[in-house]
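>
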Amino acid sequence: MIASAPAKVILFGEHAVVYGEPAIAVAIDMRTYVHAEKSEEYSVNGYPMNSRYHAYIKNAIDLCWEGEPLSIRTKSQIPSASGMGSSASITVATLTALLAMKKEIDEEKIAKMGFEVEYRTQGRASPIDTSTVTHGQGILVHKVKRENYLWKVEKNGVVWYIHHVKIPSLRLVVGFSGIKGSTREMVEKVRRFYSWNSFARDVIREIGRITLEALSPLQDEDYERIGELMTQDNKLLTILGVSHPMLKKMINVAMKHSYGAKLTGAGGGGSIIALTDEQDEVARAIEEVGGRAYKVSISKEGFRVENHF
Ligand code: PMV
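So for the sequence shown, numbering that gives the first Met the number 0 puts the first residue at 0; every next one is plus one.
1) Pull up the distance between the alpha-carbon of Glu20 and that of Tyr258, whole angstroms please.
2) Measure the alpha-carbon distance for Glu277 versus Ala284 and round it to whole angstroms.
3) Would you say the beta carbon of Glu13 is closer than 7 Å to some non-hydrogen atom of the ligand PMV?
4) Apart from the five residues on each side of it in sequence, which residues of its chain come closer than 6 Å, Cβ to Cβ, to His134?
5) Thinking just about the alpha-carbon of each residue, which of Ala282, Gly267, Pro47, Glu106 is nearest to the one in Ser130?
6) State buried or exposed for Pro5, treating a residue as buried only when at least 16 other CB atoms are found within 10 Å of its CB.
7) Can you tell me whether His243 is buried or exposed, with buried defined as 16 or more other CB within 10 angstroms of its CB?
8) Drop a sphere of 10 angstroms on the beta-carbon of Lys37, count the other beta-carbons inside from all chains shown, and report buried for 16 or more, exposed for fewer.
9) Run the proximity test for Ile178: is its beta-carbon closer than 7 Å to any non-hydrogen atom belonging to the ligand PMV?
10) Taking 7 Å as the cut-off, does the CB of Thr182 come closer than this to any heavy atom belonging to the ligand PMV?
11) Excluding the 5 residues flanking Ala2 on each side, which residues of the same chain have their C-beta closer than 7 Å to its C-beta?
12) Kindly list the residues whose CB is nearer than 8 Å to the CB of His307, restricted to its own chain and excluding five residues on each side of it in sequence; keep chain order.
13) Measure from the alpha carbon of Cys63 to the alpha carbon of each residue in Asp219, Ala253, Gly113, then state which is nearest.
14) Distance check for Leu262 and Leu236, CA to CA, integer angstroms please.
15) Using 8 Å as the threshold, is the C-beta distance between Val116 and Asn58 below it?
16) Alpha carbon to alpha carbon, how far is Asn196 from Ala24? Give it in angstroms, no decimals.
17) Helix, strand or coil, according to DSSP, for Ser296 in the structure here?
18) With DSSP collapsed to three states, give me the class of Phe114.
19) How close, in whole Å, do the beta carbons of Met229 and Leu274 come, if the pair is a contact with beta carbons under 8 Å?
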């Protein structure tokens, strides 16, 4: 069985989502492919399966596979540790292959199992990455149920409502700094700031407000306004202390040819995204200052069963 899942970027609301504010993420057209077949023993890409090196795949198998051992092969277009959701993508592609073998394919089931696998592997997770790469297009995560509700994810008394968001055909450039940002450290840094400073709490709320404000320009394909809101969001994230000199550099050069730009994901390294009509110029500018650029568009599809590997 062969299956695939896309990458994702967070458009609005990272960090604030940890405090119950809304966030919007989109699936992008880079994919991870997983090939699973019955075998004598468990292996991944020709090596014996190992809980350290193949943690996401092993946890996915432990969660939903009771059959014979499997030989798994993977192929990915997504750079790891870039904030593009490579772990969510491999998790969801693996689950899709396994559930397809069991003839139990179901979007909500894949998204919930995907969250559970990330949670077991990372010790903490919000469902934003796994729900986005399962569903495709765009999703909004919020603590309250709204229009276009898809499903809810619950863990330790926290509830996240996942909603479909119609996303226009955005052209984005992802600029990867090549620096691995630690999500855990960045979340912890914001938590310290949040707990002693009421200004930080205001900033978090303002990020939530911007996220909801972005819904209508996204609906109306108002790129100017989407870009402005992205840039505002970036200023607030910078105040929270999760930017990095390399991210600032890439944002500065990207802005010359973009509607807006911001860091995406946890920050402290990782990546930026720029919304632009001039993907080539932006990509060139990012590479000139030492970043790695990826020209991407929205992926309409989330998980997918494939005919070819
Ligand atoms: O680095 P990423 O893309 O996994 O995003 C992290 C997003 C945070 O809001 C910082 C944390 C979270 O779990 O939502």
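Note that beta-carbon positions come from the ideal geometry of N, C-alpha and C, so glycine has one too.
Reading off the structure:
1) 24 Å
2) 11 Å
3) yes
4) Gly301
5) Glu106
6) Burial call: buried.
7) buried
8) exposed
9) Every heavy atom of the ligand PMV is 7 Å or more from the Cβ of Ile178, so no.
10) yes
11) Short of 7 Å from the beta carbon of Ala2, and not among the five residues preceding or following it, lie these beta carbons of its own chain, in chain order: Val33, Ala92, Thr95, Ala96, Ala99, Phe302, Arg303, Val304, Glu305.
12) Contacts found: Ile1.
13) Gly113
14) 8 Å
15) Yes, Cβ-Cβ distance for Val116 and Asn58 is below 8 Å.
16) 28 Å
17) strand
18) In the three-state scheme derived from DSSP, where H, G and I count as helix and E and B as strand, Phe114 is classed as helix.
19) 6 Å
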